[in-house]
Amino acid sequence: MEENQYYLFDEMEIVLVDFKTDGFILDIGGGGEGIIGRLKGRDVIAIDIRRDELMEAPAGPLKIVMDARDLTFPDDSFNQSTAFFSLMYLKTREDQLQVFQEIHRVLKPGGSLYIWDLVISGHPATAPDIYIVPLWIRVAGDEIRTGYGNRWKADDRSSAYYLALAEETGFRQVKMESDRHIMHLVLDKV
C-alpha cells in the first residue's frame with residue numbers, strides 16, 4: 154500500500170500494566186499479536202473470527218475460532234473479558250452492540266470488561282479512506298511495534314460512543330483514560 158493511500162497517525166506508546174483477574178479471561182479478538190495472552194498466558198481464552206490471526210498469536214492461551222456477536226459460552230461464565238484493539242474492526246454500531254450484549258451475557262454479575270481501542274472521529278475531508286495508528290506496546294517484558302488500521306466509519310467512534318453502548322447493554326463505567334486517539338475503559342456488569 155502506497156503511503157498516500159492512508160492517513161498515518163503519530164505513533165503511540167502503550168504500557169500494558171497487569172490487572173487483577175479471577176479465573177479465565179475471555180479475550181475478544183485475541184489473535185494477531187495476542188497482547189492479552191502475552192500478559193495473562195494460560196488464564197486467557199482468546200477468540201477471533203479469523204483462524205490465521207489466532208495461529209499468529211503466541212502460544213499460551215486457549216485459542217478458539219468464534220464470532221463475538223454469537224458467543225457459544227453459557228451465561229455468567231467469566232469474571233473478566235478484554236477487547237484489545239478489536240472493536241474498531243466491527244463494521245456497524247449494530248455489530249458492536251451485539252458484541253457488548255454477548256459479553257454482558259457471558260460475564261458473571263460484577264464482572265469486568267477491559268477495553269483498549271482507538272478513538273476515531275470525523276474523517277478529514279482531505280484524508281484518504283484508510284487510517285493507520287502505529288503502536289509501540291510494552292507488555293510482560295516484550296516490546297511490540299505494530300499498527301492497527303481500518304476504513305473511516307460514517308459514525309464517530311469516540312469515548313462517548315463506546316460509553317453509550319456500555320450503558321445500553323447494562324455496563325457501568327469504572328475507569329476511563331484517553332490519550333489523543335487511544336482510550337482504555339473498564340466497565341462492570343451491573
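All the letters of the sequence shown, read from the start, carry residue numbers 154 to 343 under the working numbering.
Glycine is no exception: its CB is placed at the ideal position from the N, C-alpha and C atoms.
These numbers were taken from a predicted model, which means no experiment stands behind them.
Buried/exposed call for residue i, threshold 16 Cβ in 10 Å
{"i": "W201", "result": "The amino acid occupying residue 201 in the given sequence is Asp; Trp does not appear at that position. Label assigned to D201: buried."}
{"i": "S239", "result": "buried"}
{"i": "G294", "result": "exposed"}
{"i": "K173", "result": "exposed"}
{"i": "A280", "result": "exposed"}
{"i": "A313", "result": "exposed"}
{"i": "P214", "result": "buried"}
{"i": "D270", "result": "buried"}
Integer Cβ distance of residue i from residue j, believed to fall under 8 Å
{"i": "G302", "j": "I285", "result": "4 Å"}
{"i": "F177", "j": "F231", "result": "6 Å"}
{"i": "V292", "j": "I188", "result": "6 Å"}
{"i": "R191", "j": "D228", "result": "The pair is not a contact, with the Cβ atoms about 29 Å apart (cut-off 8 Å)."}
{"i": "L316", "j": "Q326", "result": "6 Å"}
Minimum C-alpha distance to residue i - residue among the options
{"i": "D220", "options": "K193, H334, Q251", "result": "Q251"}
{"i": "Y159", "options": "P262, V292, R304, R222", "result": "R304"}
{"i": "R222", "options": "T245, G213, P214, P211", "result": "T245"}
{"i": "F226", "options": "P211, Q254, I283, E166", "result": "Q254"}
{"i": "E186", "options": "G323, K342, M208", "result": "M208"}
{"i": "V168", "options": "H337, D341, R195", "result": "H337"}
{"i": "I198", "options": "G184, D180, P211, L192", "result": "D180"}
{"i": "V218", "options": "T235, D171, H257, G184", "result": "G184"}
{"i": "I256", "options": "M241, A210, L224", "result": "L224"}
{"i": "V170", "options": "R298, Y267, G323", "result": "Y267"}
Identity of the residues DSSP links to residue i by a beta bridge
{"i": "V286", "result": "Y301"}
{"i": "D180", "result": "A199, T235"}
{"i": "L169", "result": "For L169, which the question treats as bridged, DSSP gives no partner whatsoever."}
{"i": "I273", "result": "R310"}
{"i": "I268", "result": "A236, L338"}
{"i": "Y160", "result": "Y284"}
{"i": "I256", "result": "I256 pairs with nothing; no bridge assigned."}
{"i": "V292", "result": "D295"}
{"i": "F324", "result": "K342"}
Are there three or more Cβ pairs, one per stretch, closer than 8 Å when the region 307 to 319 is compared with the region 266 to 282?
yes
Does the contact criterion of 3 or more C-beta pairs under 8 Å hold for the region 203 to 211 versus the region 253 to 272?
no
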